[in-house]
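**Q** Structure below; questions to follow.
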Amino acid sequence: MLYGDRTDVAERFVHHLVTTGIEWGLLGPREIPKMWDRHVLNCAVVQELLPKGALVADVGSGAGLPGIALAIARPDVQFVLIEPLERRVDWLEMVIADLELENVDVVRARSEQVFETVDVDIVTARAVSAMKSLVPMTVPLLHGTGELLAIKGKSAANEIEKADKVLRKFKTKNSEVLTVGDELLAVATTVVRLTYGS
5 MLYGDRTDVA
15 ERFVHHLVTT
25 GIEWGLLGPR
35 EIPKMWDRHV
45 LNCAVVQELL
55 PKGALVADVG
65 SGAGLPGIAL
75 AIARPDVQFV
85 LIEPLERRVD
95 WLEMVIADLE
105 LENVDVVRAR
115 SEQVFETVDV
125 DIVTARAVSA
135 MKSLVPMTVP
145 LLHGTGELLA
155 IKGKSAANEI
165 EKADKVLRKF
175 KTKNSEVLTV
185 GDELLAVATT
195 VVRLTYGS
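The sequence shown lines up with residues 5 to 202 when you count with my numbering.
And the structure:
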């Protein structure tokens with residue numbers, strides 16, 4: 005099982021998503037039946053792409069997807085959740101405190117506002133925007149070296165194609181479309197991985 009001895013923490017996170025997450029307007033009630041598969045596990049399988057001890061920024065964290073879903077699975081990785089909306093930040097802080105996650109911090113800002121102060125190994129993003137606008141919003145947080153892991157749908161390859169000019173401008177060393185969680189999920193998670201630096 006993906007969460008192993010932290011399954012109870014993951015279950016408490018899902019409980020928050022289907023109760024306060026919906027009450028606070030972070031997710032719609034129609035998402036309840038697919039909360040585990042489509043949302044939490046869909047994000048959690050990305051943990052296999054995170055190296056031990058990495059510092060990860062999750063941009064546009066919203067309801068903690070993928071940030072909190074990953075942080076529960078990987079207590080050995082440090083996460084910074086970057087979220088501009090106050091209500092979402094308040095919710096994230098409440099959930100992090102309740103789940104006693106010591107490897108997560110929240111920064112209330114747009115990613116562009118913290119380019120100078122946040123320097124991470126990996127940036128994650130899910131349902132934030134198309135690759136050509138996502139790259140300028142996220143890649144500067146890597147300060148020249150690291151990876152962007154963007155959780156995407158079936159249009160991933162098409163998005164990379166459309167972002168070609170932006171990828172060149174930001175000196176993207178390598179771009180690939182991966183699937184993770186093939187053995188665990190009915191529908192594997194598609195990830196665009198962009199690599200920067202030496």
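Heads up, the beta-carbon is just placed ideally off N, CA and C, and yes, glycines get one too.
Count Cβ pairs between the region 6-22 and the region 143-159 that sit closer than 8 Å; are there 3 or more?
**A** They do not touch, by the three-pair rule.
**Q** Of the residues Tyr200, Leu89, Thr194, Val122, which one's Cα is nearest the Cα of arginine 42?
**A** Answer by Cα proximity: Thr194.
**Q** Does DSSP put arginine 197 in a helix, in a strand, or in coil?
**A** In the structure shown, arginine 197 sits in a strand (DSSP, three-state: E or B).
**Q** Please classify serine 202: does DSSP put it in a helix, a strand, or coil?
**A** Three-state result, serine 202: coil.
**Q** Looking only at its own chain, which residues have a Cβ that is under 6 Å from the Cβ of threonine 183, when we skip the five neighbours before and after it?
**A** Excluding positions up to five away in sequence, the list reads Ala192, Thr194.
**Q** Hey, would you say glutamate 163 sits closer than 8 Å to isoleucine 126, going by beta carbons?
**A** Cβ atoms of glutamate 163 and isoleucine 126: not closer than 8 Å.
**Q** Taking a contact to mean a Cβ-Cβ separation below 8 Å, would you say alanine 77 touches arginine 130 in this structure?
**A** Not a contact, by the Cβ cut-off of 8 Å.
**Q** Within a Cβ cutoff of 6 Å, which residues of the same chain sit near alanine 160, ignoring the five residues on either side of it in sequence?
**A** Cβ neighbours of alanine 160 beyond the five flanking positions: Val181, Thr194, Val196.
**Q** If you compare alpha carbons, which of Val81, Ile86, Gly57 is closest to leucine 69?
**A** Ranking Val81, Ile86, Gly57 by Cα distance to leucine 69 puts Ile86 first.
**Q** Taking alanine 14 as the reference, give the member of Asp102, Val170, Val124, Ala190 with the closest Cα.
**A** Minimum Cα distance to alanine 14 is reached at Asp102.
**Q** Since glutamate 106 is in the beta strand (DSSP E), which residue starts that stretch and which ends it?
**A** Unbroken run through glutamate 106: none, as it is neither H nor E.
**Q** What does a CB cutoff of less than 6 Å around isoleucine 26 pick up in its chain, not counting 5 residues either side in sequence?
**A** Excluding sequence neighbours, isoleucine 26 sits near Pro33.
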